[in-house]
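Numbering (the working numbering), first residue to last: 279 to 963. Cβ atoms here follow ideal geometry from the backbone N, Cα and C, with glycine treated the same way. All values derive from a computational prediction rather than experimental measurement.
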Amino acid sequence: MVTPRQGILLQSGELKYRHRHTGCVLGLCVAIIVSGQGYCQDPDTAPPDGNRPDSVAMAAETQFSSAKDDQIILEWMESGEQQFERLLHRAVSEPFAGARKFLFGKKIVPVSIREIEKRVLEHNLVLAMQPHQVEIAKLNVLATEAALMPEWSATVQYDLSKSHHRSAMIGRFRETPKTWETVTEQDVGTAYYTEDGEKLTVESGHVGKTWFELGVNSESCVMVDGEAVGDTCNNDVIYDTLEESASVDSENWSKIWAGSLDMNVPLSWGGRVNVAFKTTYVPYDAPVSVSLKPLGIPLETALEVGEREWSSQLSLGINSALPFTKNFGAHGFGSVVQVEKTTLDYNKSRSSRRMQENMLLRDTMESYWFLVRNLLMVLSAIEHRSLLEQRLVRVDRLYQAQRATEYDRLQTEADVEDARNREEIAWNEWLIRANELAELLNLSSEQIILPQGFREEFARERTPDDREVLQVAMERRADLHAARIDVQKADVEKNYRIQQLLPDVSLVAAYNILGKGTRALFGYDDFGSSVEALATPDERSYIVGLVYSYPLEQRAEKARHANASSAQTQAMDRLRQVELQVADDVTTALADSRGSQSRIGLARMELELAEMALEGAKRMRAMERVPEFEVLQRQRLLFDARLNLIQALIDRRQSWVNLNYAQGMWGSGQLDFKDDPGHVRESMP
């Protein structure tokens, strides 16, 4: 155990302890700093005080009570970071043999644990693909939501043709109701005007003939849309009206421009409302020849109608599913169901990204703490080798003075060689861990990582609450969210398939308005007039009905329903498995956290016992009651005890990493110890 008589030194990149009363100097590594343990070297192996710089002499006066002094341990941690940084800078600037030769010429990248988390989230190639998958899922949601939005469509049509067709009715106004009657004896002597404007007096020979045969004003006027057409309107007295059909032959190419605007509005419960407006423009490049022959009247005349070229029409329609039918409601309307499913897929893609972040950051943080462990082991191996080399110098001097045996000298040399091999192995393991972490951070092969700031991480401590940890895990674990989403999606599909087994009953209604000109020979002078005419349309039509359908066979739908039920059962089973796995992860992480705390205490006790054993062996050796081998063996046990304490401290941090993973705390800014269950305090375990 470290006594109040010992202090801490820092010289030539190595930490040394000085026995204040006896003047002995002892080199200790950062691993001792981590554990807070040390021991005293014999005075005859210590370098003279004049070889130490003033800063080292001042550091030698720093006292500490024991390894339980957390503040001193944290200061040692910070010194260890600085010492390894000097070693690494030397390795990249000077060629060395062994593992360190691979460090020559590389660029040092200092990173803290927070910077590592940020870099993983921003530069890792696995996570780089996740935003694209989330964006694709989001676009799928927008695409399905478009089916529930009002749909507008506009069309423009141009027709060029020649045609022969029957027109709509043309009004012809008669002067007298006797046009088609026969002349009687009572009409003899009456005077009338013929179509040619000549005066005709009825004679007895005209009796029995029709007024039409006599040509007495059979047609006084031709009217189109209430306006006189032609020069036959020579009488203001109108007695009756006769509507007749007319054949129209187009001598030129007929040109028709048509435009329409449609709007479809989906109904949230299932169905659509349709509104359609159409307008037609028919330019007349030449007079239209109209032939009126309903009753054998040979009338060929060119009607001067002007620019009556516009006509419009409007139609309204609705198609709605009825309640308790196949396509009604949130579980039956296919568009609504599809939107809900794609939304769940989008949420699952986000959960998948969080799950990847949680797993990848767990692996990265584990690699980081392994790297810190190997860093401390490198420093420990360097210090252990330095101590044994000093011990070898002393043994050689004792051997020359015939106070040590040949076996003692050879055994010490073997221990020195073993320490050098251990140092080389420690460098190899550190380099392997550094390359693994660099790959996770997507660094180039010319860069090497230097951990920084782990002293602050060692200062963090939590006392987790079992119930709170489990509650947080159930709320934040991304794989649990994904399993719940699978259950929700299976429920949506099952409910949809159940409703598809019902009959389909829909309400269909339509209302069409046909403006003047749409069913007449001529339209309106301008577009505005054709639209205004919709208020007094030529024709209206109404359609109201119910559409009922029920298939005679539903084997396909029943099979889909069975598959949906099976998928729902499987999704619920997977959810229960994930819940059990999350609970098991939390339980294991909590057990590891408590176990790591116990291992730290045991490692400290082991280190204290090893130091006491070494001190006793050294005292016995000073009295020449035990061989040098006994001291070397105790020295090895002390070195192993230090490594065990390093491993216990790293295991403690690894248990926190796994506890964060079990709660789903890693990723997307979710790592915040203040938000974690447990209390953060500035102290060591």
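### Message
For LEU570 and ALA788, I'd like the C-alpha separation in whole angstroms.
### Response
Stepping through the sequence shown from its first residue, residue 570 is reached at position 292. Stepping through the sequence shown from its first residue, residue 788 is reached at position 510. Residue confidence for LEU570 is low, a pLDDT of 46 falling below 50, so the modelled location carries little weight; the figure read from the coordinates is stated next. Cα atoms of LEU570 and ALA788: separation of roughly 36 Å, rounded to the nearest angstrom.
### Message
Our contact map puts ARG268 next to LEU923 with C-beta atoms below 8 Å; I'd like the distance itself, whole angstroms only.
### Response
Outside the shown range of the chain, which is 279 to 963, sits residue 268, and nothing can be said about it.
### Task
Can you grab the Cα-Cα spacing for the pair ALA761 / THR642, in whole Å?
On the sequence shown, residue 761 is found 483 positions in, with the first residue counted as 1. On the sequence shown, residue 642 is found 364 positions in, with the first residue counted as 1. One C-alpha to the other measures close to 25 Å.
#### Entry: Neighbourhood of SER538 by C-beta distance below 6 Å, restricted to the same chain and skipping five residues each side
Position 260 of the sequence shown, counted from the start, is the residue given in the question as residue 538. Cβ neighbours of SER538 beyond the five flanking positions: THR433 and LYS556.
### Query
Closest to THR847 by CA distance: which of ALA768, GLU618, ASP674 and GLU734 is it?
On the sequence shown, residue 847 is found 569 positions in, with the first residue counted as 1. Closest option to THR847, Cα to Cα, is ALA768.
### Secondary structure of THR558, DSSP reduced to three states
Numbered from 1 along the sequence shown, position 280 holds the residue referred to as residue 558. Note: THR558 maps to strand in three-state DSSP.
### Query
Which of helix, strand or coil does DSSP assign to ALA840?
Counting from 1 along the sequence shown, the entry for residue 840 is found at position 562. Helix.
### Task
Can you tell me which of the three DSSP states MET901 falls into?
For the purposes of this step, residue 901 is identified with residue 623 of the sequence shown, where counting begins at 1. In this structure, MET901 counts as coil in the three-state DSSP scheme.
### Query
If you follow the alpha helix (DSSP H) that GLU395 is part of, which residue opens it and which one closes it?
If you number the sequence shown from 1, residue 395 lands on position 117. DSSP places GLU395 in the uninterrupted alpha helix (DSSP H) bounded by 391–401.
### Query
Thinking just about the alpha-carbon of each residue, which of SER874, ASP863, ARG899 and GLN913 is nearest to the one in GLU886?
On the sequence shown, residue 886 is found 608 positions in, with the first residue counted as 1. Considering only alpha carbons, the answer is GLN913.
### Task
Please list, in chain order, all residues of the same chain as GLN778 whose beta carbon is under 7 Å from its beta carbon, the five residues on each side excluded.
Taking the sequence shown and counting its residues from 1, the one referred to as residue 778 is at position 500. If we look at GLN778 and ignore the five residues flanking it on each side, its Cβ neighbours are LYS604 and GLU835.
### Query
Hey, how far is the Cα of ARG854 from the Cα of ASP743?
Against the sequence shown, residue 854 aligns to sequence position 576. Against the sequence shown, residue 743 aligns to sequence position 465. If I take the Cα positions, the gap works out to 23 Å.
### Query
How many Å lie between VAL308 and GLN875 at the Cα?
Translated into positions along the sequence shown, residue 308 becomes position 30. Translated into positions along the sequence shown, residue 875 becomes position 597. Any answer about VAL308 is weak, because its pLDDT of 35 lies below 50 and its placement is not dependable; what the coordinates show is given next. Spanning the two alpha carbons is a distance of roughly 21 Å.
### Message
Going by the DSSP bridge assignment, what does LEU226 pair with across the sheet?
### Response
Nothing about residue 226 can be reported from this structure: the residues present for the chain run from 279 to 963 only.
### Query
Going along the chain, which residues of its own chain have a beta-carbon closer than 7 Å to the beta-carbon of ILE776, five neighbours each way excluded?
In the sequence shown, residue 776 corresponds to position 498, counting from 1. So the qualifying residues of the chain are HIS839.
### Message
On the CB-based measure, 16 or more other CB atoms within 10 Å of its CB, does ALA421 come out buried or exposed?
### Response
Counted from its first residue, the sequence shown places residue 421 at position 143. Burial state of ALA421 is exposed, judged by a 10 Å Cβ sphere holding fewer than 16 other Cβ atoms.
#### Entry: Identity of the residues DSSP links to ASP248 by a beta bridge
It is not possible to answer for residue 248, since the shown part of the chain is limited to 279 through 963.
### Query
Going by C-alpha distance, which of MET898, TYR828, SER807 and VAL770 is nearest ALA842?
In the sequence shown, residue 842 corresponds to position 564, counting from 1. Here the closest residue by C-alpha is VAL770.
### Task
Measuring alpha carbon to alpha carbon, tell me which of ARG392, TYR774 and LEU399 ends up nearest ARG632.
To locate residue 632, count along the sequence shown from 1; it is residue 354. If we check each option's Cα against that of ARG632, LEU399 comes out closest.
### Query
Based on Cα-Cα distance, which residue from LEU719, ASP863 and GLN678 lies nearest to ASN936?
The sequence position of residue 936 within the sequence shown is 658, counting from 1. Closest by alpha carbon: ASP863.
### Reference SER593, options ASN636, LEU792 and TRP708, closest by Cα
Within the sequence shown, numbered from 1, the residue matching residue 593 stands at position 315. Comparing Cα-Cα distances from SER593 to each of ASN636, LEU792 and TRP708, the minimum goes to LEU792.
### Query
Near LYS384, which residues of its chain fall below 8 Å by C-beta distance, leaving aside the five closest residues on each side in sequence?
Indexing the sequence shown from 1 puts residue 384 at position 106. Excluding sequence neighbours, LYS384 sits near VAL370, GLU724, GLN725 and ILE726.
### Message
Tell me which residue opens and which closes the alpha helix (DSSP H) that THR462 is part of.
### Response
Position 184 of the sequence shown, counted from the start, is the residue given in the question as residue 462. Annotation: THR462 is outside any alpha helix (DSSP H) and is labelled neither H nor E by DSSP.
### Query
Of all the options GLY945, ALA900 and LEU403, which has the alpha carbon lying nearest to the alpha carbon of LEU676?
Translated into the one-based positions of the sequence shown, residue 676 becomes position 398. Of the listed residues, the one whose Cα sits closest to LEU676 is ALA900.
### Residue from ARG877, LEU600 and PRO561 with nearest C-alpha to ASP804
Start at 1 with the first residue of the sequence shown, and residue 804 comes out as number 526. Ranking the options by Cα distance to ASP804, first place goes to PRO561.
### Message
Can you look up ARG755 in the DSSP assignment and give me helix, strand or coil?
### Response
Your numbering for residue 755 matches position 477 in the sequence shown. Correct three-state label for ARG755: coil.
### Message
Just verifying my parser: in three-state terms, what is the DSSP assignment at TRP944?
### Response
As a first step, residue 944 must be located in the sequence shown, where it is residue number 666. Note: TRP944 maps to coil in three-state DSSP.
### Query
Which stretch, first to last residue, makes up the alpha helix (DSSP H) that contains ASN616?
Counting from 1 along the sequence shown, the entry for residue 616 is found at position 338. For the sequence presented, residue 616 should be read as Gln rather than Asn. Where GLN616 is concerned, the enclosing alpha helix (DSSP H) stretches over 612–678.
### Query
Going by beta carbon distance, what residues of the same chain come within less than 6 Å of ALA599, once the five residues before and after it are set aside?
Looking up residue 599 in the sequence shown gives position 321. These residues qualify, in order along the chain: GLY548, GLY549, ASN605, PHE606 and SER784.
### Query
In chain order, what residues of the same chain lie with their CB nearer than 8 Å to the CB of GLN411, ignoring the 5 residues before and after it?
As a first step, residue 411 must be located in the sequence shown, where it is residue number 133. If we look at GLN411 and ignore the five residues flanking it on each side, its Cβ neighbours are SER627, SER630 and ARG631.
### Query
Cα separation between TYR939 and ASN418?
On the sequence shown, position 661 is the one that residue 939 refers to. On the sequence shown, position 140 is the one that residue 418 refers to. The alpha-carbon of TYR939 is positioned some 31 Å away from that of ASN418.
### Query
If we count the other Cβ atoms within 10 Å of its Cβ and call it buried at 16 or more, is ASN699 buried or exposed?
Translated into positions along the sequence shown, residue 699 becomes position 421. Exposed.
### Stretch pair the stretch 711–721 + the stretch 640–659: three plus CB contacts closer than 8 Å
yes
### Message
Assuming GLU423 and ASN542 are in contact, meaning their beta carbons sit under 8 Å apart, how far apart are those beta carbons, in whole angstroms?
### Response
Taking the first residue of the sequence shown as 1, we reach residue 423 at position 145. Taking the first residue of the sequence shown as 1, we reach residue 542 at position 264. The C-beta distance from GLU423 to ASN542 rounds to 15 Å, too long to fall under 8 Å, and the pair is not in contact.
### Query
Under 9 Å between the Cβ atoms of GLY612 and LEU780?
For this step, residue 612 is matched to residue 334 along the sequence shown. For this step, residue 780 is matched to residue 502 along the sequence shown. Cβ atoms of GLY612 and LEU780: not closer than 9 Å.
### Message
Taking DSSP's pairing of strands, which residues face TRP547 in a bridge?
### Response
The sequence position of residue 547 within the sequence shown is 269, counting from 1. DSSP output for TRP547 lists no bridge partner at all.
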